[in-house]
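2 protein chains.
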Amino acid sequence: MTDYAIGIDIGGTTVKLGLFSADTGDLTEQWEIPTRREEKGRYILPDIASSLHDVLDRLSLPLSRIRGAGLGIPGPVLEGRIVNRGTNLGWGRFDVCAAFREQSGIPNIKAGNDANVAALGEARRGGAAGCRSAVLITLGTGIGAGIILNGQILSGANGAAGEIGHFHVRDGEPEACGCGRHGCLEQYASATGLVRLARRGGLNLPELTAKTVMDRAKAGDPICLSAVSEAAELLGDAMARIAAVVDPEVFLIGGGVSRAGDFFFSRIRSAYRARAFRSSLDTNIRPAELGPQAGIYGAAHLIL
Amino acid sequence: MTDYAIGIDIGGTTVKLGLFSADTGDLTEQWEIPTRREEKGRYILPDIASSLHDVLDRLSLPLSRIRGAGLGIPGPVLEGRIVNRGTNLGWGRFDVCAAFREQSGIPNIKAGNDANVAALGEARRGGAAGCRSAVLITLGTGIGAGIILNGQILSGANGAAGEIGHFHVRDGEPEACGCGRHGCLEQYASATGLVRLARRGGLNLPELTAKTVMDRAKAGDPICLSAVSEAAELLGDAMARIAAVVDPEVFLIGGGVSRAGDFFFSRIRSAYRARAFRSSLDTNIRPAELGPQAGIYGAAHLIL
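Going down the list, the sequences are from chains A and B. Going by this note's numbering, the first residue of the first sequence is number 1, and it counts up by one from there. Going by this note's numbering, the first residue of the second sequence is number 1, and it counts up by one from there.
Pasting the structure below:
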């Protein structure tokens with residue numbers, strides 16, 4: 001009889017869950033539930049535990065067959081278990097593993113920052129499978145990076161490894177970043193940043209999305225082309241700095257924007273090569289492969 | 001009877017050697033020899049082996065009492081043994097461990113990049129002793145950084161981890177860096193860079209050194225003050241980016257310039273705090289402790 005591992009990716013809107021075979025690492029069942037952030041997020045972990053038990057009951061799987069559960073958390077995680085505020089879930093500082101252990105009845109619980117956990121997923125089963133080191137950069141509302149070295153997540157002394165969204169890249173930016181500073185990378189090169197650049201360039205469409213900006217850029221719209229080029233330029237430059245620090249085998253780029261294909265990637269690669277140190281010039285830069293499932297894969301691989 | 005480890009730090013001018021107790025890690029004997037770079041550096045390793053045998057003979061230590069020797073190499077080292085050009089020793093690509101094993105008769109040889117090896121020394125016995133992660137930035141002719149994570153050297157997929165001297169920090173720089181690009185960090189914040197900034201500011205003394213620039217800055221010379229402030233500003237900003245990537249427990253700054261004390265460090269800290277991500281704001285920034293001995297300590301700790 002096969003044992004299983006649970007991968008849980010807690011997002012601001014939904015919690016994704018996956019059941020993985022401990023033998024093969026394959027995803028055998030996946031589902032999601034809403035993230036109830038009210039009352040300082042107190043329902044989130046009990047909701048997860050209850051949904052998990054429902055699914056295990058339906059599959060007639062006793063807890064003894066569950067080897068453990070991994071949690072991807074949208075914020076810094078210290079020592080693989082302490083949530084240290086900074087999530088958008090309303091949580092304070094507490095031992096998320098101890099709390100979920102009690103609520104789920106599963107003894108083996110591990111946790112990591114969601115960007116880091118997604119990078120682990122990509123490194124074990126996705127775009128960086130077989131690589132010993134990789135950096136996954138996810139372009140969404142913000143920019144998060146997960147760094148894998150020697151096959152393991154790099155968390156950092158303060159849980160802040162990979163916080164490249166707040167690289168200072170522009171002086172004189174009038175708008176403030178979510179972090180309170182001005183001129184952070186994610187103000188330009190995230191999906192949100194791309195829209196902001198296009199609006200600033202003078203494109204005033206209602207409900208403008210990063211995909212629209214990318215599609216219009218491909219069609220030759222000069223405002224959108226300039227926005228995409230600027231985002232790619234700043235991102236490639238940031239990646240050259242990351243390479244000068246950790247020198248990974250491969251860079252993966254995830255998030256919806258990364259589906260824009262070579263139109264976007266060729267610009268990123270060219271900006272990267274213009275700045276990278278000679279030894280790292282040829283580092284691979286390619287799209288992430290697991291998409292929104294990277295988190296549950298990585299969370300399960302905290303256990304597997 | 002105690003066993004020993006040998007630490008060897010190969011520089012462009014001299015090779016430093018140290019004999020370390022394998023029990024205590026203490027340095028029991030140190031010496032140096034010139035680095036003969038002629039004929040593509042072919043004499044360097046035989047010179048080291050011969051000097052080492054002389055010392056061991058004098059101390060009546062048989063090779064059987066030597067647990068191994070570590071080599072610090074001024075250039076990228078792949079897989080802990082392959083020198084991949086890029087040294088200033090004239091060497092091509094070869095297995096430096098195999099070569100030195102044969103020449104010295106010592107079976108256990110390990111090698112690493114000199115900046116990385118020095119960082120290992122500081123992390124085991126110097127300014128970062130007791131820390132699990134540290135970044136040592138050495139300000140000399142260039143700028144090298146060694147990164148220690150989980151107590152181990154981070155080399156990078158191409159041996160280029162910590163090559164922060166080539167961070168692009170200024171547009172429009174007319175002079176070229178040693179790497180061929182323009183506007184690299186080490187053009188401003190290395191010891192050489194500091195002198196360059198002071199000369200550019202209009203200070204035209206013969207034989208100007210970084211120490212003179214620092215001393216004159218302390219005495220209130222506006223040109224030198226401006227050079228030191230610019231160097232510290234760019235360095236602190238670069239360190240904020242390094243922290244956003246690897247988030248170390250501590251930054252150590254080494255090289256002669258780091259002896260300038262709080263006058264220099266307070267400026268670096270303030271630039272760092274202006275840019276660092278909030279979780280890493282309070283990361284310690286302090287002088288390295290082992291000075292020019294860091295390399296032999298670290299090289300011995302490749303073995304110990």
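For every residue, glycine included, the Cβ atom is placed at its ideal position computed from N, Cα and C.
For a contact defined as C-beta to C-beta under 7 Å, what are the partners of residue i on chain A?
i: Gly-156/B; result: Val-246 and Asp-247
In three-state DSSP terms, what is residue i?
i: Glu-230/A; result: helix
i: Cys-224/A; result: helix
i: His-168/B; result: strand
i: Cys-184/A; result: strand
i: Phe-277/B; result: coil
i: Gly-72/B; result: strand
i: Ala-219/B; result: coil
i: Leu-139/A; result: strand
i: Ser-51/B; result: helix
i: Arg-67/A; result: strand
i: Tyr-43/A; result: coil
i: Leu-205/A; result: coil
i: Ile-296/A; result: helix
i: Ser-125/B; result: In the sequence as displayed, the identity of residue 125/B is Arg instead of Ser. Note: Arg-125/B maps to helix in three-state DSSP.
i: Ile-285/B; result: strand
i: Ser-317/B; result: The structure shown does not extend to residue 317/B, since chain B spans only 1 to 304, so no value can be given for it.
i: Asp-237/B; result: helix
i: Ala-305/B; result: In the structure displayed, chain B extends from 1 to 304; residue 305/B sits before or after that span and is not available.
i: Ala-119/B; result: helix
i: Ser-270/A; result: helix
i: Arg-132/B; result: coil
i: Glu-38/A; result: helix
i: Ala-176/B; result: coil
i: Gly-291/A; result: helix
i: Asp-247/B; result: coil
i: Gly-193/B; result: helix
i: Leu-61/B; result: coil
Against residue i, what residues of chain B qualify as contacts under a CB-to-CB distance less than 7 Å, listed in chain order?
i: Gly-159/A; result: Ser-279
i: Phe-167/A; result: Arg-241 and Ala-244
Is there a Cβ of chain A sitting closer than 7 Å to that of residue i, yes or no?
i: Glu-207/B; result: no
i: Ile-296/B; result: no
i: Pro-222/B; result: no
i: Glu-163/B; result: yes
So if DSSP puts residue i in a beta bridge, which residue, or which two residues, is it bridged to?
i: Lys-16/A; result: Asp-9/A and Glu-32/A
i: Pro-144/B; result: The question names Pro, yet the displayed sequence has Gly at residue 144/B. Gly-144/B is bridged to Thr-138/B.
i: Gly-254/A; result: Thr-138/A
i: Gly-112/B; result: Gly-72/B
i: Gln-321/B; result: With chain B running from 1 to 304 in the structure shown, residue 321/B is simply not present.
i: Ile-303/B; result: None; Ile-303/B has no bridge partner.
i: Leu-78/B; result: Ile-82/B
i: Arg-93/A; result: Asn-84/A
i: Leu-27/A; result: Phe-20/A
i: Pro-4/B; result: Checking the sequence, you will find Tyr at residue 4/B rather than Pro. According to DSSP, which records beta bridges pairwise, Tyr-4/B is partnered with Ser-21/B and Ile-66/B.
For residue i and chain B, any beta-carbon pair shorter than 7 Å?
i: His-301/A; result: no
Residue i touches chain B at which residues, Cβ-Cβ below 8 Å?
i: Leu-149/A; result: Leu-149 and Leu-154
Give me the chain A residues within the contact set of residue i, using Cβ-Cβ distance strictly less than 8 Å, ordered along the chain.
i: Cys-179/B; result: Phe-277 and Arg-278
Using a Cβ-Cβ cut-off of less than 9 Å, list which residues of the region 241-270 of chain A approach chain B; keep chain order.
Arg-241, Ile-242, Ala-243, Ala-244, Val-245, Val-246, Asp-247, Pro-248, Glu-249 and Val-250
Between the region 126-143 of chain A and chain B, which residues of the former have a C-beta closer than 8 Å to a C-beta of the latter?
Arg-132 and Ser-133
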